[in-house]
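Residues 1 to 493, numbered by the numbering used here, are exactly what the sequence shown covers, in order. The beta carbon of each residue, even a glycine, is placed where N, CA and C say it ideally should be. Scroll down for the structure; my scribbles are underneath it.
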Amino acid sequence: MEYRAPRQSPSGKKPSKKESRKKQKRASTGKEYVIIAYLCVGMFLSLICYMVYFHVKLKDDVISSPYNRRQDTYAEHVVRGEIRASGGEVLAKTETDGEGNEQRVYPYGRVFAHAVGYDSNGRGGIELSKNSQLLTSHAFLLEQVQNGLTDQKNQGDNVITTLDANLQQVAYDALGNNQGAVVVLEADTGKVLALVSKPDFDPNTLAADWDAMVADENNSSLVNRATQGLYPPGSTFKIITGLAYLRDKGTLEGFSYNCAGEITQDGYTLHCYDGEVHGQEDFTKAFAKSCNTAFAEIGMQTSLSVFQKTAKDLLFNTDLSLGDMLSNSSSFTLDKDAGRPLTMQTSIGQGNTLVTPMHMAMITSAIANGGTAMKPYLVDEIQSYEGNRVKKYTPKTYATLMTEQEAQTLSALMQEVTASGTARSLSGTGYTVAGKTGSAEHAGSDIPHSWFVGFSNVEDPDIVVSIISEGSGTGSQVAVPIAKKIFDAYYNS
């Protein structure tokens, strides 16, 4: 075994205890410095990561938040950008007088109020959701430097929407003095071509009108009824009931019903609209004629669990999260304790069911697209004020709501509605339409809400419409003529 002598100090003597303690202390201190250095590096990297995350993920939300007081700081250096329709029409702009005072101007007034929003007394619509982009400038760098030297503001970026100015005006005029909403989507992309809500407001005079508007609880003019209004769907819900029955039974063939104009279960009597008697019906005729008693029977024949799952699959009781558009969740409630009367009511779109017009548009778009619902979106791109593209928004699939075969079956049913049923005034127009009418009973009036949902150019769908006119009549009387004006404008402009 090799022997090694103990290590000695350079002087040949063993180190003293005092020297050993000093050496250990120096070593310990060195380790502490290393740990501190690592901690500093870690904190620095964490800060860098957060800054990157903030600018990529959070910046727009934080700047757009109405609680962010730094918005005024951004506005001190940037002239708020324009909001434009898809064809370039200016929907919102900032005008500056000779003394440098700025005023937000809305050339179309009330027509685009709920989609574009407002920039006084808080913010709403696109003015809120794209606040960050409107207060960001991608002007040429040299121009920004020059503006900084001369204490001039930079021009903010412009928001180019998906909205079609002509269709929006037609939809707005067609709804007329009725309260309600109109949604028009491009079928295969989800682009919002028109979005109307009434009662409305004039964003040009919002500050002066604010107190009166807030006090008027009956009209709730600031509420976007297209995405936030919750209504009984009436007979448009027969689309969902029909799909649930199809899933439960596997086929619509073989269904037969003799309509006597009313049906009674457990002491409750449900009538067809206006007491109409439809006689012998198969499923297609019952759907086309919107027979309440037939669909009450269909609902009672459908498995409750299948009914519940179908409603869930079609996004009821779901937060739609539509980005630029605030939305409410549609509701469907039918449990095992529900008796036959409530089941019958629910099957025809009454009972406790509530839905937004946008949600019905999404369900209809899924039928048009072979089962796939596209995510509705309002903004097409962001441009610098010189017209250079800063960001492009692209279509996104929201969810697959049904199979392609199920969508084809529902489409065929909806085509019969316009061929021989409650929306036959849409036939012979030069374009094909698949749709469903609805006349929804509601509290406070004997006059029903008027509904129509549908899509045009059935073989290769172009646009989807969802219309509700509050307390104004049947779907055939009011909503269908509104839809026809929109379809006519789309194909004839």
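Straight-line gap, residue i to residue j (C-alpha atoms, nearest Å)
i, j, result
"Ala-311", "Lys-93", "42 angstroms"
"Val-56", "Asp-324", "Confidence at Val-56 is low in this model, with a pLDDT of 46, below 50, so its placement is unreliable and no value can be given for it."
"Leu-185", "Val-465", "7 angstroms"
"Ser-221", "Ile-126", "17 angstroms"
"Asn-479", "Asn-388", "For the record, residue 479 in the displayed sequence is Ala; it is not Asn. Distance between the alpha carbons of Ala-479 and Asn-388: 41 angstroms."
"Arg-224", "Gln-280", "Note that residue 224 is Asn in the sequence shown here, rather than Arg. Distance between the alpha carbons of Asn-224 and Gln-280 is about 42 angstroms."
"Gln-496", "Gly-471", "There is no way to answer for residue 496, as the model of the chain reaches only from 1 to 493."
"Ile-348", "Phe-287", "11 angstroms"
"Tyr-172", "Lys-485", "11 angstroms"
"Thr-346", "Glu-276", "20 angstroms"
"Asp-119", "Val-79", "13 angstroms"
"Thr-269", "Gly-261", "10 angstroms"
"Leu-378", "Phe-255", "42 angstroms"
"Val-196", "Val-111", "7 angstroms"
"Leu-58", "Gln-405", "Summary for Leu-58: the model assigns pLDDT 46, below 50, so the residue's position carries little reliability, and this model does not support an answer."
"Leu-91", "Ile-83", "5 angstroms"
"Met-51", "Val-355", "Here Met-51 scores only 48 on pLDDT, less than 50, and its place in the model should not be relied on; the value that follows carries that caveat. Each residue's Cα considered, the two are about 41 angstroms apart."
"Ala-407", "Phe-283", "16 angstroms"
"Ala-338", "Asn-369", "34 angstroms"
"Gly-100", "Gln-152", "10 angstroms"
"Pro-481", "Met-358", "19 angstroms"
"Ala-115", "Gly-109", "12 angstroms"
"Phe-54", "Ser-427", "Confidence at Phe-54 is low in this model, with a pLDDT of 45, below 50, so the placement of that residue is unreliable and no value is reported for it."
"Lys-198", "Asn-178", "7 angstroms"
"Asp-319", "Gly-229", "14 angstroms"
"Gly-87", "Tyr-490", "14 angstroms"
Status (buried if at least 16 other CB within 10 Å, exposed otherwise) for residue i
i, result
"Ser-321", "exposed"
"Glu-217", "exposed"
"Tyr-38", "exposed"
"Cys-40", "exposed"
"Val-170", "buried"
"Leu-45", "exposed"
"Thr-293", "buried"
"Glu-253", "exposed"
"Gly-122", "exposed"
"Gly-117", "buried"
"Thr-236", "buried"
"Ile-363", "buried"
"Ser-305", "exposed"
"Ser-495", "In the structure as shown, the chain starts at 1 and stops at 493, and residue 495 therefore has no counterpart that could be examined."
"Asp-157", "buried"
"Lys-191", "buried"
"Val-159", "buried"
"Lys-336", "exposed"
Closest residue to residue i among the options (Cα-Cα distance)
i, options, result
"Gly-421", "Gln-408, Ala-407, Gly-438 and Asn-224", "Gly-438"
"Thr-397", "Val-78, Asn-258, Phe-452 and Ser-365", "Ser-365"
"His-271", "Cys-291, Leu-252, Phe-255 and Gly-254", "Cys-291"
"Ile-468", "Thr-264, Tyr-231 and Thr-333", "Tyr-231"
"Thr-403", "Gly-299, Lys-130, Leu-243 and Glu-95", "Leu-243"
"Arg-340", "Lys-392, Ile-348 and Asp-266", "Asp-266"
"Gln-103", "Ser-137, Gln-152 and Pro-203", "Pro-203"
"Asp-188", "Thr-394, Glu-89 and Asp-488", "Thr-394"
"Ala-412", "Met-43, Asp-446, Val-433 and Gly-190", "Val-433"
"Gly-475", "Phe-452, Ile-160, Tyr-245 and Thr-161", "Phe-452"
"Ser-456", "Ser-450, Tyr-431, Gly-473 and Lys-249", "Tyr-431"
"Gly-473", "Tyr-273, Ser-493 and Asp-488", "Tyr-273"
"Asp-380", "Lys-130, Thr-96 and Gly-100", "Lys-130"
"Cys-259", "Ala-296, Thr-409 and Leu-167", "Ala-296"
"Asn-352", "Ser-305, Met-358 and Thr-343", "Thr-343"
"Ala-483", "Asn-492, Ala-440, Ser-493 and Gly-454", "Gly-454"
"Thr-302", "Ala-423, Ala-440, Thr-429 and Leu-246", "Leu-246"
"Thr-205", "Pro-233, Tyr-106 and Gly-156", "Tyr-106"
"Gly-234", "Glu-441, Asn-492, Tyr-491 and Ser-445", "Glu-441"
"Arg-367", "Gln-350, Ala-399 and Leu-410", "The sequence given here has Ile at residue 367, not Arg. Of the candidates Gln-350, Ala-399 and Leu-410, the one whose C-alpha sits nearest the C-alpha of Ile-367 is Leu-410."
"Phe-487", "Gln-350, Asn-219 and Gln-168", "Gln-168"
Sheet register partners of residue i (DSSP bridge)
i, result
"Ala-373", "Ala-399"
"Leu-185", "Val-192 and Val-464"
"Val-111", "Partner(s): none; Val-111 has no beta bridge."
"Val-379", "Thr-161"
"Met-325", "Leu-322"
"Ile-83", "Ala-92 and Val-159"
Whole-Å CB distance - residue i paired with residue j, under 8 angstroms assumed
i, j, result
"Leu-175", "Val-182", "6 angstroms"
"Leu-163", "Ala-226", "The pair is not a contact, with the Cβ atoms about 12 angstroms apart (cut-off 8 angstroms)."
"Val-417", "Gly-435", "6 angstroms"
"Ala-113", "Asp-209", "Contact doesn't hold; Cβ gap of about 12 angstroms is too wide."
"Ser-384", "His-77", "Contact doesn't hold; Cβ gap of about 16 angstroms is too wide."
"Ile-298", "Thr-333", "Their Cβ separation, rounded to whole angstroms, is 19 angstroms, which puts Ile-298 and Thr-333 out of contact at 8 angstroms."
"Lys-375", "Ile-382", "That belief does not hold up - the Cβ atoms of Lys-375 and Ile-382 are roughly 18 angstroms apart, past 8 angstroms."
"Ser-331", "Phe-316", "7 angstroms"
"Leu-134", "Gly-81", "4 angstroms"
Residue i at chain B interface by Cβ criterion, 7 angstroms
i, result
"Ile-35", "Chain labels in this structure do not include chain B; a single protein chain is all it has."
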